[in-house]
Amino acid sequence: MNSQNIIINENVTRQLMEAGYTYEQSILAIQATNLFGDNKNLNQYLAFAKNNYNDLYQIVHSEIQNNQNQNNLQQQQNTNQYYDIQNSTKRRSKFTFIPVGLVNIGNICYFNSLLQLMLNNPIFVKTIFNYKVQYCNDKYDNFLNSLQKLFANLLISNQNYYDASEVLQFMCWDSQDIKLVGNQQDFTELCELFLQKVDQSLQEKQHQSSQNQSNLNVKDFFTNQMLNQQFVLRYQTKQHQIFIPANLNYSNIYNTLYNEFQQQKLTNIPENLFFQISRYQYNRNIQNMVKLTQDFTLHQEIYIDFILKDIYQVNNLFQRFNGNINDNQQIKTNLDPQKVQKQISSFQEIIDYYRVLQNDIMVQQLSLDLDLLKVQQSVQNDNKKGEYRWLNQQLSQFCFKKYYLHSIVIHLGNANQGHYFIYIYNFSKQQWFQYNDSIVEQISESEVMRLSKNNAYIVTYVSDQQRQQIKQQEEIAEIILQNDLSQELYENLGLLQMIPINLFQEIYQQNLNNIT
1 MNSQNIIINE NVTRQLMEAG YTYEQSILAI QATNLFGDNK NLNQYLAFAK NNYNDLYQIV
61 HSEIQNNQNQ NNLQQQQNTN QYYDIQNSTK RRSKFTFIPV GLVNIGNICY FNSLLQLMLN
121 NPIFVKTIFN YKVQYCNDKY DNFLNSLQKL FANLLISNQN YYDASEVLQF MCWDSQDIKL
181 VGNQQDFTEL CELFLQKVDQ SLQEKQHQSS QNQSNLNVKD FFTNQMLNQQ FVLRYQTKQH
241 QIFIPANLNY SNIYNTLYNE FQQQKLTNIP ENLFFQISRY QYNRNIQNMV KLTQDFTLHQ
301 EIYIDFILKD IYQVNNLFQR FNGNINDNQQ IKTNLDPQKV QKQISSFQEI IDYYRVLQND
361 IMVQQLSLDL DLLKVQQSVQ NDNKKGEYRW LNQQLSQFCF KKYYLHSIVI HLGNANQGHY
421 FIYIYNFSKQ QWFQYNDSIV EQISESEVMR LSKNNAYIVT YVSDQQRQQI KQQEEIAEII
481 LQNDLSQELY ENLGLLQMIP INLFQEIYQQ NLNNIT
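Per UniProt numbering, the sequence shown starts with residue 1, numbered consecutively.
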């Protein structure tokens, strides 16, 4: 940004209009100069405004809106800081469940968002808790111990917020790590660095034998198989990855999946799907990075079978059923109406998706197949029931694997600076929460979607199995807050199998001291 902005006044605009520029072009060029360059770039922006007014207008006003969003958030943060001071010694309310926040100790808002995201992965949290701290004061032990303290406090502390600076300190044991985090680089880079540090620490501290290491798949992203199962997309012919790139031109999640995987099929899909929406682009005309704010539609639920298996196999299955069923094949079990209806609904989702792609042939064929499937609801003949039961068994291969929207990382500001926070959906309460550093609050779904459509940067979906585990962890956290932490509660809730006893005792004492 220009250190000394050009002041827009009548004298300046008159001179530019005398030089052959319209009033609107003059104003727009000055705004662009003040936003992106210095005074010597004014002529460049004047030419851009004259030749490509609409393009420059969109860039400038998107940037102005980004800055306004950031200013609004800054005002909210200033209010939050006052709130922090007023409530620094207060405990969380028993009657209104609000998760524990994280203090922003200086430009680490995106790290706080990542930690809150990882807390909401019970399998990951359990793996960290299962590590036996050796208190040997080495970098791996210190890092894993700091993560255990973090997760335990976020789950069972009655404080409003926790300071995660120790986690960051012990994670950055290499000088290049400190530089990456300090420069507030890409969220995806930070996430991969964090998971690699966890993987390396677990590997080092578990002292795996060379024989075990030699049995590892060299194509695996991590040595720890839990991390692979939770986060890594495995491809047939190319390098595995964590993040699915989402181009804004795709406009929604389904188009992203279709375009990303129509050529490169997956051999395995993780429990968590991470989408990175590409919102930053270098603009040659203004010679600067700009943030793109086009709408990107997020679906609450997505079916992903078509990226794992060829949808044409489903067509073949129906054709075989329609023409080549063996009349002697008998299955005694009656149809499950709820399962049939679920299959019909799921199949309709796939038809709707191909309709969006304007693939009329697939829509026509799948619609015929759907009509055939619906016949099951009215079949009375026992032999026919057996045949349709066989179809149900075959369709179980296409179980319409469902994933649920879980979190959205938001970036407010421009391409060069800004603020990160995260929305996370609480499945137990069926409520969105906004995690903005130390302040966590409920937020309406309409507000989440309103801000996300232009500012969502990272979007995560979880499998149904993962959703159930998250829900269970959420319920436990709320029970603890409502009933106060105690040894009896610790045992009754099975926390002994989760949180190490020394951490429980430490936080239990902290909670007692925090009661006012």
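Yeah, the Cβ is synthetic: ideal placement off N, Cα and C, and Gly gets one too.
Query: Residue span of the beta strand (DSSP E) that contains residue 523, given as start and end; Result: The question about residue 523 has no answer here: the residues shown for the chain are numbered 1 through 516.
Query: Neighbour-count burial assignment, L496, 16 or more Cβ in a 10 Å radius; Result: exposed
Query: Separation of K126 from M498, as counted between CA atoms; Result: 6 Å
Query: Environment of T267 [buried if 16+ CB atoms lie within 10 Å]; Result: exposed
Query: Same chain only: Cβ atoms within 7 Å of Y508, ignoring 5 sequence neighbours per side; Result: L485
Query: Cβ neighbours of L292 in the same chain (closer than 8 Å, five flanking residues each side left out); Result: S62, L248, S278, R279, Y280 and Q281
Query: Buried versus exposed, by CB contacts within 10 Å (16 or more), T118; Result: Thr is not the amino acid found at residue 118; the sequence shown has Met there. It counts as buried.
Query: 9 Å Cβ cutoff met for D437 and G101; Result: yes
Query: Backbone CA spacing between S251 and D295 [nearest angstrom]; Result: 7 Å
Query: Cut-off 6 Å between Cβ atoms - residues of its own chain near I8, not counting five sequence neighbours on either side; Result: I30
Query: Span of the alpha helix (DSSP H) around T460; Result: It is not in any alpha helix (DSSP H) - T460 instead sits in the beta strand (DSSP E) that spans A456 to S463.
Query: Cβ-based burial, N502 [other Cβ within 10 Å; buried from 16]; Result: exposed
Query: Cβ-Cβ separation, A49 to L28 (assumed contact under 8 Å), whole Å; Result: 5 Å
Query: Euclidean distance between Cα positions of N514 and F421; Result: 27 Å
Query: Residue(s) in a DSSP beta bridge with V290; Result: Q281
Query: Extent of the continuous alpha helix (DSSP H) to which residue 522 belongs; Result: Not covered by the structure: residue 522. The range shown for the chain is 1 to 516.
Query: Check whether P99 and L150 have beta carbons under 9 Å apart; Result: no
Query: Separation of N224 from N217, as counted between CA atoms; Result: Reliability fails at N217, whose pLDDT of 45 lies under 50, so the model's placement of it is uncertain and the value that follows must be treated cautiously. Approximately 11 Å between the Cα atoms of the pair.
Query: Proximity to I123 [Cα-Cα], best of Y490, V462 and Q482; Result: V462
Query: Beta-carbon proximity list for K453, same chain, < 8 Å, skipping 5 on both sides; Result: D295, F296, T297 and L298
Query: Start-to-end residues for the alpha helix (DSSP H) that takes in I501; Result: I501 to N514
Query: Where L298 falls: helix, strand or coil (DSSP); Result: coil
Query: Beta-carbon proximity check, F36 vs Q287, cutoff 9 Å; Result: yes
Query: Cβ neighbours of S165 in the same chain (closer than 6 Å, five flanking residues each side left out); Result: I105
Query: Same chain only: Cβ atoms within 7 Å of Q466, ignoring 5 sequence neighbours per side; Result: E271 and N272
Query: Residue interval of the alpha helix (DSSP H) (run including P270); Result: First-last for P270: undefined, no H or E at that position.
Query: Residue from F231, I304, I156 and Q505 with nearest C-alpha to C191; Result: F231
Query: Residues bridged to A246 (per DSSP); Result: I277
Query: Residues bridged to R234 (per DSSP); Result: N268
Query: Rounded C-alpha distance that separates D163 from V103; Result: 5 Å
Query: Cβ-based neighbour list, N334, same chain, cut-off 6 Å, excluding 5 preceding and 5 following; Result: Summary for N334: the model assigns pLDDT 40, below 50, so the residue's position carries little reliability, and this model does not support an answer.
Query: Same chain, Cβ closer than 7 Å to Y57, neighbours up to 5 away in sequence not counted; Result: L28
Query: Range covered by the alpha helix (DSSP H) that runs through Q148; Result: K139 to I156
Query: N- and C-terminal bounds of the beta strand (DSSP E) containing I410; Result: K402 to G413
Query: Where T460 falls, given that 16 or more other Cβ within 10 Å makes a residue buried; Result: buried
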